[in-house]
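Down below is the structure, laid out as structure tokens.
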Amino acid sequence: MKELPLVSLFCACLNPQTADKPTYKAEDAVDLGWCVIKDVEVIELNKRASGQAFEVILKPPSFDSVPELNTSMPQRRDPSLEEIQKKLEAAEERRKCQEAELLKHLAEKREHEREVIQKAFEENNNFIKNAKEKLEQKMEANKENREALLAAMLERLQEKDKHAEEVRKNKEMKEEACR
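Quick look at the structure:
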């Protein structure tokens, strides 16, 4: 099959008998739905190794044979009362389904929020409980250390008092012995 340039291919589609001629004329009318093109002329301008050049001449469209819009479209019939009722019932059913889905989604969201709040509350209570236990342990350790320090200080004071008493007795004995 011979390769045709794009414009030649376009023209060949409009008028297949003139595909091999350098000048193309389409005498047949082409219906584009809203107008009729009576004449199309394509002239080959240059033929080079790099490609071809064409001139496409379109004559103005004529609006003489515009198709009737009503004839191409099917007539719309009036819906019956039963059809209207069915459509309304279907719409009501869709609305109810959407509403139920929305309520379900909102309930799930509320349940999730409640679970999150409950978990946060429990974690907060656990933190408070652990903090109280640690504080009580520290306070108990501090109390034991303070009592141990006080007992050690009292013991040293008692030893000092004993020593001071011994020194006093020894001094008195020396004084009495010296007299």
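Count along the sequence shown from 1, add 138, and you get the number used in the working numbering. Glycine residues also receive a C-beta, built at the ideal position from the N, C-alpha and C atoms. From a predicted model like this one, the values you see are computed outputs, not experimental measurements.
Have a look at residue i and residue j and give me their C-alpha separation to the nearest angstrom.
i, j, result
"Glu278", "Ala290", "18 angstroms"
"Gly189", "Ile195", "20 angstroms"
"Ile222", "Val180", "56 angstroms"
"Asn308", "Leu295", "19 angstroms"
"Asn283", "Lys276", "10 angstroms"
"Lys312", "Glu297", "22 angstroms"
"Asn262", "Glu251", "16 angstroms"
"Lys234", "Glu274", "59 angstroms"
"Lys185", "Glu193", "12 angstroms"
"Glu303", "Glu310", "10 angstroms"
"Arg215", "Ala228", "20 angstroms"
"Val305", "Lys267", "56 angstroms"
"Pro217", "Lys225", "10 angstroms"
"Lys270", "Lys257", "20 angstroms"
"Lys247", "Glu260", "20 angstroms"
"Glu231", "Leu240", "14 angstroms"
"Lys300", "Glu285", "22 angstroms"
Which residues does DSSP list as the beta-bridge partners of residue i?
i, result
"Lys185", "Gln190"
"Leu196", "Val178"
So is residue i buried or exposed if we call it buried at 16+ other beta carbons inside 10 Å?
i, result
"Ala167", "Because Ala167 carries a pLDDT of 42, less than 50, the predicted location of this residue cannot be relied on, and the following value inherits that uncertainty. So Ala167 ends up on the exposed side."
"Val254", "exposed"
"Val178", "buried"
"Asp158", "Its pLDDT being 48, under 50, Asp158 is placed unreliably in this model, and the value from its coordinates should be taken loosely. Exposed is the call here."
Cβ of residue i within 6 angstroms of any heavy atom in the ligand NAD?
i, result
"Lys272", "Absent from the structure shown: the ligand NAD. Ligands present: none."
What span of residues does the alpha helix (DSSP H) with residue i cover, start to end?
i, result
"Asp326", "No answer is possible for residue 326: the residues shown for the chain start at 139 and end at 317."
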